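Start counting the sequence shown at 7; every next residue gets the next number (the working numbering). Report on the following structure.
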Amino acid sequence: MTLSSTSLAGRRAVVTASGGQMGGAIALRLAAAGADVVLNDIIPGSTGPYAEQIRAMGRQVIEVEADPTFRPGAEAVIGAAIDTWGGVDILVNNVGGVQGPYTNELLRIEDDDWDATLRICLKATFLCTKLVVPGMIERRDGKIVNTASTTWSGGVAPYAVAKAGVVAFTRGLAGELGKHNINVNAVAPGATLTRSKHSPDLLSHMPLGRFNEADDVAASVAFLASDDARQISGQLITVAGGANPQL
7 MTLSSTSLAG RRAVVTASGG QMGGAIALRL AAAGADVVLN DIIPGSTGPY AEQIRAMGRQ
67 VIEVEADPTF RPGAEAVIGA AIDTWGGVDI LVNNVGGVQG PYTNELLRIE DDDWDATLRI
127 CLKATFLCTK LVVPGMIERR DGKIVNTAST TWSGGVAPYA VAKAGVVAFT RGLAGELGKH
187 NINVNAVAPG ATLTRSKHSP DLLSHMPLGR FNEADDVAAS VAFLASDDAR QISGQLITVA
247 GGANPQL
């Protein structure tokens, strides 16, 4: 019997939207396990604090300020890893968000807000994945982890539709890329303590009685990016304190 290891030593990772608390926590987890990391965000300076921590671990880090929901931005992010390290072993598609009012009332949703929300949540995932897959196929190795949300099963309409799209993309791509030894999975965070505020009433729906912390999500991503998850693909891990068990 060979004992497995969660070590990511020598692995090259890209984490989009890693200037925020969740993306930053994911990047730190991967670096702590041994990976070198490309950090990306559209907010100037937001990745700096995470980059400092990663360098302190002795890992290499690249910061790319770009918007990967458009092709030039995605090319800048993935190209930075390929140009510097020769490839990407781990891709974490973490970009997401809602444009416009956070509402499920159809008549309050503007066309432009609908389109923008789908672009934010889906286009970066599509573009960055498309750019890393050729190298992964060539090496017959790769881990792709997409950030969905428990909202995908029903919630704010444009965001729910976009995150359902992330889940569908994950499962379809896993079937396509499995023959190349590429694992594709997703995590679906529930209410998570970042800069957002959550009503204490939500806790009544969470059997474990606590909100996620960003590192709870990061731990699941790091597991899926490791060889411990080599037989897991096309799956959605729900990180929600025991809520949403049907997912």
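We put the beta carbon where it would ideally sit given N, CA and C, even for glycine. Quick caveat: nothing in here was measured; it's all calculated off a predicted structure.
Integer Cβ distance of residue i from residue j, believed to fall under 8 Å
i      : j      : result
LEU14  : SER226 : Not a contact, Cβ separation roughly 14 Å.
ALA154 : GLY196 : That pair is no contact at about 11 Å.
ALA80  : LEU128 : Not confirmed; about 12 Å, so no contact.
Residue i (DSSP reduced to helix, strand or coil)
i      : result
ALA163 : helix
THR8   : A caution first: THR8 carries a pLDDT of 44, below 50, which makes its placement in the model too unreliable to give a value.
THR75  : coil
GLU144 : helix
VAL101 : coil
ALA14  : Sequence check: residue 14 is Leu here, not Ala. The answer is coil: DSSP assigns LEU14 none of H, G, I, E or B.
ILE188 : strand
GLU69  : strand
Spatial distance of residue i from residue j (CA atoms)
i      : j      : result
ALA37  : ARG114 : 42 Å
ARG236 : ARG216 : 30 Å
ALA33  : TYR56  : 8 Å
VAL258 : VAL21  : Nothing about residue 258 can be reported from this structure: the residues present for the chain run from 7 to 253 only.
ARG35  : ARG77  : 27 Å
VAL190 : LEU112 : 33 Å
GLY29  : ASP47  : 9 Å
THR135 : ASP95  : 11 Å
LEU124 : PRO107 : 14 Å
Residues near residue i by beta carbon distance below 8 Å, same chain, minus five either side
i      : result
PHE132 : PHE175
LEU9   : Below a pLDDT of 50, predicted positions are generally treated as unreliable, and LEU9, at 43, falls in that range; no measurement from the model is reported.
ASN218 : PRO195, GLY196, ALA197, THR198, LEU199, VAL245, ALA246 and GLY247
Chain-order list of residues whose beta-carbon lies under 6 Å from that of residue i (same chain, five-residue window excluded)
i      : result
ASN152 : ASN99, THR131, VAL172, THR176 and ALA192
GLY141 : GLY93
GLY103 : ILE126
ALA86  : VAL44, ILE68 and VAL70
Proximal residues to residue i (C-beta, below 7 Å), its chain only, five neighbours per side dropped
i     : result
ILE49 : GLY25
At which residue ranges does the stretch 207-253 contain complete beta strand (DSSP E) runs of 3 or more residues, listed in the order of the chain?
Secondary structure in the stretch 207-253: the beta strand (DSSP E) runs of 3 residues or longer, each lying completely within the stretch, are 242-245 in chain order.
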